[in-house]
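Report on the structure given below.
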Amino acid sequence: MTTAGGLWLHAVMRDPDPARLTGLTGVGGGALRAIAAAGLTAVVCPVDLAEFGAEPLRGNLEDIGWVEAVARTHHHVAVELSQLGPVVPARLATIYLSDESVVGLLTRGRTGIDAALTRVSGRIEWGVKAYTSSAPRPTPAVAGSGPGTGADYLRRKRAALSARSEAATAAAACAEELHRALAEVAEASRRHPPQSRGLNPRAASMVLNGSYLVDAARGDRFAETVAELASGYGAIEVELTGPWLPYSFAIVPVEETPDG
Amino acid sequence: MADSLALTPIALVDLLDRVLATGVVISGEIVLSIADVDLVYVSLRALLSSVSSVRAVTPQPFAPQPFAPQPFDPLPIDPVGPA
Amino acid sequence: MTGRVEVDRDGVEKGLASLVLTIVELLRQLMERQALRRVDQGGLSDEKVEQVGATLLALDERMAELREHFGLTPADLNIDLGPLGPLGTLLPPA
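Chains as they are written, first to last, in my numbering: chain A, 1 to 260; chain B, 261 to 343; chain C, 344 to 437.
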């Protein structure tokens, strides 16, 4: 069935009660719909290709306001669906042109998706970010002119720079230790690439951006562990985010073969 | 549990770290997926450096680099006070 | 009407100033690090070291004056070379 619309893939689940989907809307305001195949259920919603087609999407993805609105809706739906069972969310902006191709996704990807569903079932994700401690830096006082002030200035600047580089080295070492300790108590761990300074002004001093998969029942204990460990590291400031839907562990291998 | 998932205020940058880099993606008859298109990668990269195809850059501790000696010319600015 | 145009002009002027001063500040910091490395290398007379330092100090002070003149804080110039030095700004752009 080809229409002028596309299908935004929200997530894949095992066997949600279809009645629970009624009344829920997804990205673009369309009603959520289930497409079942191979023992799995894809949750989609219709989107207008004028906004979500290849060309318009390229433009829209450069608009951070548009991306934010869409990402938050995508997330909200994933959270709603998680109440119905384990969820493997789709990557943002995964859009299909027909029910058949969605069925193809479920059929070809069944093994990987199933493994991901098992991996995330009953689990949550904690995000742990660490930054080099922002120690107050001495502002160079207005020096008088006179013999030796130039050399003084150099000494002060050099000292300030060494202090900063030492702080960064110490912070990186603490971050490694923290990550290793958390990875040991978590079911799985993953490190994300550095964040962009356009979105996070503190990104320049970020030394850890990690995600940790934890049994839901042990979620609070893990958060306490983070706080305990963090208090022992003077060189870093630690920030906990979450609990998240286990996005970072719901990874399904990308299939390169073109659709038949 | 779902309640706590819903109520926690979420920073966009942290959300994008997750929804851009992970999830179900299978090539084929899809219109566009973030990992696929270089053009999107190039323009998005200006805003978001968490696209999975970007090579992860891990900050390294600062190490002094060997410095090639260069003649140092006095800077062409007079070190005077207010004119 | 005239009042409104003047306010806009101030805004444009300040915006332009912060753009220009950001670049100037970047260059100043790069030059300063370069100079420090050169001094650390050694082989300069005390007089020379003093001259380099005095020049950098004057640059720093002049930069502060310019910032104040336009009502900009260091944070407005959005420069943080960070511990990596210039590499910190050449990696993923903001």
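Glycine is no exception: its CB is placed at the ideal position from the N, C-alpha and C atoms.
Residue j beta carbon less than 8 Å from that of residue i
i: residue 27 of chain A; j: residue 75 of chain A; result: no
i: residue 122 of chain A; j: residue 215 of chain A; result: yes
i: residue 51 of chain A; j: residue 243 of chain A; result: no
i: residue 89 of chain A; j: residue 71 of chain A; result: no
i: residue 191 of chain A; j: residue 210 of chain A; result: yes
i: residue 25 of chain A; j: residue 19 of chain A; result: no
i: residue 194 of chain A; j: residue 203 of chain A; result: yes
i: residue 84 of chain A; j: residue 16 of chain A; result: yes
i: residue 93 of chain A; j: residue 57 of chain A; result: yes
i: residue 415 of chain C; j: residue 364 of chain C; result: yes
i: residue 249 of chain A; j: residue 87 of chain A; result: no
i: residue 231 of chain A; j: residue 131 of chain A; result: no
i: residue 36 of chain A; j: residue 133 of chain A; result: no
i: residue 229 of chain A; j: residue 181 of chain A; result: yes
i: residue 21 of chain A; j: residue 128 of chain A; result: no
i: residue 252 of chain A; j: residue 222 of chain A; result: no
i: residue 6 of chain A; j: residue 96 of chain A; result: yes
i: residue 371 of chain C; j: residue 402 of chain C; result: yes
i: residue 164 of chain A; j: residue 379 of chain C; result: no
i: residue 409 of chain C; j: residue 361 of chain C; result: no
i: residue 272 of chain B; j: residue 68 of chain A; result: yes
i: residue 82 of chain A; j: residue 245 of chain A; result: yes
i: residue 280 of chain B; j: residue 91 of chain A; result: yes
i: residue 161 of chain A; j: residue 233 of chain A; result: no
i: residue 406 of chain C; j: residue 368 of chain C; result: yes
For residue i, the three-state DSSP class (helix, strand or coil)
i: residue 210 of chain A; result: strand
i: residue 205 of chain A; result: helix
i: residue 236 of chain A; result: strand
i: residue 241 of chain A; result: strand
i: residue 396 of chain C; result: helix
i: residue 100 of chain A; result: helix
i: residue 17 of chain A; result: coil
i: residue 270 of chain B; result: coil
i: residue 10 of chain A; result: strand
i: residue 189 of chain A; result: strand
i: residue 5 of chain A; result: strand
i: residue 410 of chain C; result: helix
i: residue 314 of chain B; result: Below a pLDDT of 50, predicted positions are generally treated as unreliable, and residue 314 of chain B, at 34, falls in that range; the measurement from the model is reported next regardless. Coil, per DSSP.
i: residue 365 of chain C; result: helix
i: residue 329 of chain B; result: Unreliable positioning characterises residue 329 of chain B in this predicted model, as indicated by a pLDDT of 41, which lies under 50. A coordinate reading is not provided.
i: residue 25 of chain A; result: strand
i: residue 358 of chain C; result: helix
i: residue 248 of chain A; result: helix
i: residue 384 of chain C; result: helix
Start and end residues, beta strand (DSSP E) containing residue i
i: residue 36 of chain A; result: 33-37
i: residue 89 of chain A; result: 87-89
i: residue 127 of chain A; result: 123-132
Where the alpha helix (DSSP H) containing residue i begins and where it ends
i: residue 113 of chain A; result: 110-120
i: residue 74 of chain A; result: 64-82
i: residue 153 of chain A; result: 149-185
i: residue 41 of chain A; result: First-last for residue 41 of chain A: 40-48, but that is the beta strand (DSSP E), not the alpha helix (DSSP H).
i: residue 225 of chain A; result: 219-231
i: residue 56 of chain A; result: 54-60
Heavy atom of the ligand HEM within 7 Å of residue i beta-carbon
i: residue 194 of chain A; result: As for the ligand HEM, it is missing from this structure, which has no ligand bound.
Cross-chain neighbours of residue i in chain D, by beta carbon under 8 Å
i: residue 75 of chain A; result: No chain D is part of this structure, whose protein chains are labelled A, B and C.
Worksheet item: Counting Cβ pairs closer than 8 Å, one from the segment 39-47 of chain A and one from the segment 4-21 of chain A, do we hit at least three?
Response: Segments in contact, yes.
Worksheet item: How about the segment 194-204 of chain A and the segment 174-183 of chain A: do they share at least three Cβ pairs that are nearer than 8 Å?
Response: Three or more Cβ pairs closer than 8 Å define a contact, and the segment 194-204 of chain A falls short of that threshold against the segment 174-183 of chain A.
Item to complete: Check whether the segment 154-168 of chain A touches the segment 97-108 of chain A, counting contact only when three or more Cβ pairs, one atom from each stretch, lie closer than 8 Å.
Response: No, the segment 154-168 of chain A is not in contact with the segment 97-108 of chain A.
Discussion item. Check whether the segment 392-401 of chain C and the segment 147-165 of chain A are in contact - that is, three or more C-beta pairs closer than 8 Å.
Written reply: Output reads yes: the segment 147-165 of chain A touches the segment 392-401 of chain C.
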